[in-house]
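Read through the structure below, which is laid out as structure tokens, and then see the notes.
Residue numbers (this note's numbering), protein chains in the order written: chain A, 4 to 284; chain B, 4 to 284.
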């Protein structure tokens, strides 16, 4: 059983992004810059934003903060997003989710100019993904693909089973795997015979957010298992995949250390690609 | 084995659309009007456009023609689309596909204002579909859902297998079935063990466009089989499903007479829903 470590893959992507940023600066003088929007004082969100900004800085991507206190209005947020949309010096927008309760996330995301969508969650980005067009791709699904490719796990023709159908992970990931010619099954809480579906998977993606749900008897011997479900428990972060799965799987991207470390790198790749498209590259 | 006839389902949808149009006119004075764009002289496209306009007329939806000769430029087409986008008296846009060779269909579709997209093929419509938001839905997939519902075929928890992954049919249909809580597998030309996948389907959608591809031994006894692959042969229109499948299936939407008759009704439903959304209903 081989552990699929995300860190080296993330470092490779970050090096590519850094080279892309340097090339863009040299060719066009443009310094790609990310607008970072954070609403409220959620400690986890504050940490994520700090990590993203630090990583951006390390690859030469600038960032500008747009911080709103808890209790700001939806209208204020939308006006700021529209202002960023219109500012040619800002190339990508990171809207840190979740927004405080009572705010309309969908409306806020849909207000972002599609060409500045760094998170890949705008309906236009998801529609381009479904239609097979080049677009920003949500970061966790993109990270899963990078990991599979980096470790040489065959996707074409593989039986891929995605458990969990969120808009952030399961659904876009199914489209990415399909575009790479996997046969893709989307499972969820209403799936009958979930164990049977999982047991035939060459690539099993666990993305439902139920700690330890995937047991050894649900995994085909030798399969690639990617754990992307996260549950916060008193004992720390738990994934969807039970520890015993290591005895059966051929490859395992665990929590922590698997796909998680990759997401920031892929956010930054979306940002630099947005700047490149804007510059006509 | 029960044949799933589309005509009575289409008539039911058309009656609902007609009632919706009448209610809209009464409440708001708005007469929903469809802009019908046809480029070139393809005889099949001319027939389709005539049928669509006649059906629109019968339910009280107006239509205005935008006819371009073969050899018109992409720029002319896009300018016309932008003009229709800006015209508040036009509520939906039907862009008859395919466009003549050499024209950029994707660009033309993406130029349509998303809120006037009657075909459901705009990237925003597909993204809203993926994201589970109310939106225009491509007509053939929407027709499949209507047929399943009309004949009382259970979708929730069913094992649905969609063979063929086009942007017009396979991919959006997979999203619709998923939203209705089916377990959905997307198969295609690179699928290994296609027969095995098909054989476990409670609902089997044949949408690859290979005449007679689905044989009796690929169908689970009692399954619902929807034939939506069309091939033009010297012997006439052929579906993807071989005639012998009737001996095995529990339900069959055949070609002709199954899903086909429904598509125009669902186009018109998209048009009236666009007019309703615009009127704030």
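Built from N, CA and C at the ideal position, the CB exists for glycine as well. Quantities reported herein were computed from a predicted structural model and do not represent experimental measurements.
Listed by chain order, chain B residues near residue 131 of chain A by CB distance under 7 Å
126
7 Å CB neighbourhood of residue 125 of chain A in its chain, flanking five on each side removed:
112, 113, 115 and 117
Just to confirm the assignment, what range does the beta strand (DSSP E) spanning residue 66 of chain A have?
65–71
C-alpha gap between residue 251 of chain A and residue 147 of chain A, whole angstroms:
20 Å
Just curious, the beta strand (DSSP E) that residue 192 of chain A is in, first and last residue?
Element bounds for residue 192 of chain A: n/a, residue is neither H nor E.
Ignore the nearest five residues each way along the sequence and tell me which others in residue 153 of chain B's own chain have a CB closer than 6 Å to its CB.
12
Whose C-alpha, out of B/140, B/96 and B/236, is nearest the C-alpha of residue 59 of chain B?
B/96
Let me know the alpha helix (DSSP H) ranges lying completely inside the segment 66–127 of chain A, each 4 residues or longer, listed in chain order.
77–89 and 108–114
Can you list the residues of chain B that residue 181 of chain A reaches, using a CB-CB cut of under 7 Å?
168 and 189
Considering Cα atoms alone, identify which of A/80, A/32, A/71 and A/272 is closest to residue 108 of chain A.
A/80
Count the other C-beta atoms from every protein chain shown that fall within 10 angstroms of the C-beta of residue 189 of chain B, then say buried if there are 16 or more, exposed otherwise.
buried
Please confirm whether residue 122 of chain A and residue 273 of chain A have their CB atoms less than 9 Å apart.
yes
Mind checking if residue 94 of chain A is an interface residue toward chain B, Cβ cutoff 9 Å exclusive?
no
Should the segment 132–151 of chain A be called in touch with the segment 254–267 of chain A, which here means at least 3 C-beta pairs below 8 Å?
yes
Compare the C-alpha of residue 166 of chain B against each of B/197, B/185 and B/241 and name the closest.
B/197
Count the other C-beta atoms from every protein chain shown that fall within 10 angstroms of the C-beta of residue 236 of chain B, then say buried if there are 16 or more, exposed otherwise.
exposed
Looking only at its chain, what residues have a beta carbon closer than 8 Å to the beta carbon of residue 65 of chain A, apart from the 5 residues adjacent to it on each side?
34, 35, 36, 37 and 59
Out of B/246, B/276 and B/136, which has the shortest C-alpha to C-alpha gap to residue 170 of chain A?
B/136
Go ahead and pull the three-state DSSP assignment for residue 244 of chain A.
strand
Under the three-state DSSP convention, the category residue 7 of chain A falls into:
coil
Provide the residue span of the alpha helix (DSSP H) that contains residue 150 of chain B, from first to last.
142–153
Closer than 9 Å at the beta carbon, the chain A residues around residue 174 of chain B:
133, 134, 135, 178 and 181
Can you name the residues that DSSP bridges to residue 24 of chain A?
Answer by DSSP bridge pairing: none, since residue 24 of chain A is not bridged.
Are there 16 or more other CB atoms within 10 angstroms of the CB of residue 180 of chain B, so buried, or fewer, so exposed?
buried
Of all Cβ atoms in chain B, is any one closer than 9 Å to the Cβ of residue 159 of chain A?
yes
How many whole angstroms separate the CB atoms of residue 245 of chain A and residue 218 of chain A, which I take to be in contact at a CB cut-off of 8 Å?
5 Å
By the three-class DSSP mapping on this structure, what secondary structure does residue 176 of chain A have?
helix
Run the CB neighbour count on residue 139 of chain A, radius 10 Å, all protein chains shown included, and call it buried at 16 or more, exposed below.
buried
By the 10 Å Cβ neighbour count, where 16 or more other Cβ atoms means buried, how is residue 14 of chain B classified, buried or exposed?
exposed
In the DSSP assignment, the beta strand (DSSP E) including residue 236 of chain B goes from what residue to what residue?
234–236
To the nearest angstrom, report how far apart residue 202 of chain B and residue 221 of chain B are at their CA atoms.
5 Å
Short of 7 Å in beta carbon distance, which residues of its chain neighbour residue 75 of chain A, apart from the five on each side in sequence? Order them along the chain.
42
Collapsed DSSP secondary structure at residue 262 of chain B in the structure displayed:
coil
Give the DSSP bridge partners of residue 208 of chain A, in chain order.
A/165 and A/229
From residue 1 of chain A to residue 271 of chain A, what does the alpha carbon distance come to, in whole angstroms?
The structure shown has nothing for residue 1 of chain A, since chain A only spans 4 to 284.
Below-9 Å beta-carbon distance, residue 194 of chain A vs any chain B residue
yes
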